[in-house]
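In UniProt numbering, the protein residues as written are 1 to 141.
Glycine residues also receive a C-beta, built at the ideal position from the N, C-alpha and C atoms.
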């Protein structure tokens with residue numbers, strides 16, 4: 001099972017998405033792909049901050065279709081994730097490598113559910129015991 005980070009999902013909505021990412025996602029079983037509520041929040045935030053217009057409307061509809069397609073596969077930030085959040089925050093803080101709150105929440109959901117995190121930002125999540133997959137790198141398999 002894999003948890004998609006915001007940067008992977010938003011790549012799908014670009015006029016010309018990265019072909020390496022698209023090939024990688026197409027090779028994954030849809031039922032193995034999950035989202036989490038912090039990713040939903042980041043996507044919604046990105047759409048809401050756009051100026052009203054056709055792009056905002058198009059992305060809003062794309063988000064609705066995406067969330068409907070992932071129904072039953074959108075994980076919540078629950079108590080197990082909250083415990084992981086505390087653990088990784090304490091782990092990273094003394095090293096001066098504190099995670100942004102939303103990134104820590106996303107990583108925590110992945111850890112609590114024993115999932116790999118699919119992200120372009122692998123450097124942000126090092127040293128917390130999380131399996132990372134970068135679909136932007138052609139060698140990722």
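Per DSSP, which residues does residue i bridge with? Please list them.
{"i": "residue 2", "result": "33, 116"}
{"i": "residue 106", "result": "Paired residue(s): none; residue 106 is not in a bridge."}
May I ask which residues mark the beginning and end of the alpha helix (DSSP H) holding residue i?
{"i": "residue 136", "result": "Taken as a continuous stretch (DSSP letters only), residue 136 belongs to no alpha helix (DSSP H), as it is neither H nor E."}
{"i": "residue 25", "result": "19 to 26"}
{"i": "residue 51", "result": "No alpha helix (DSSP H) contains residue 51, which DSSP labels as neither H nor E."}
{"i": "residue 126", "result": "Unbroken run through residue 126: none, as it is neither H nor E."}
{"i": "residue 89", "result": "79 to 92"}
Can you give me the C-alpha to C-alpha distance between residue i and residue j, rounded to a whole angstrom?
{"i": "residue 45", "j": "residue 38", "result": "10 Å"}
{"i": "residue 10", "j": "residue 94", "result": "32 Å"}
{"i": "residue 62", "j": "residue 113", "result": "26 Å"}
{"i": "residue 98", "j": "residue 92", "result": "5 Å"}
{"i": "residue 85", "j": "residue 96", "result": "16 Å"}
{"i": "residue 78", "j": "residue 131", "result": "20 Å"}
{"i": "residue 59", "j": "residue 13", "result": "7 Å"}
{"i": "residue 16", "j": "residue 116", "result": "26 Å"}
{"i": "residue 87", "j": "residue 71", "result": "29 Å"}
{"i": "residue 47", "j": "residue 120", "result": "20 Å"}
{"i": "residue 102", "j": "residue 43", "result": "12 Å"}
{"i": "residue 100", "j": "residue 49", "result": "19 Å"}
{"i": "residue 66", "j": "residue 56", "result": "15 Å"}
{"i": "residue 129", "j": "residue 54", "result": "42 Å"}
{"i": "residue 123", "j": "residue 80", "result": "24 Å"}
{"i": "residue 83", "j": "residue 68", "result": "29 Å"}
{"i": "residue 27", "j": "residue 52", "result": "35 Å"}
According to the neighbour-count rule (16 or more other Cβ atoms, all chains shown, within 10 Å of its Cβ), is residue i buried or exposed?
{"i": "residue 33", "result": "buried"}
{"i": "residue 134", "result": "buried"}
{"i": "residue 29", "result": "exposed"}
{"i": "residue 110", "result": "buried"}
{"i": "residue 147", "result": "Residue coverage of the chain in this structure runs from 1 to 141, which leaves residue 147 outside it and unanswerable."}
{"i": "residue 126", "result": "exposed"}
{"i": "residue 90", "result": "exposed"}
{"i": "residue 105", "result": "buried"}
Is residue i near the ligand NAP, with its Cβ less than 7 Å from a heavy atom?
{"i": "residue 105", "result": "What this structure holds is no ligand at all, so the ligand NAP is not there to describe."}
For residue i versus residue j, is the C-beta spacing smaller than 8 Å?
{"i": "residue 2", "j": "residue 36", "result": "no"}
{"i": "residue 136", "j": "residue 20", "result": "yes"}
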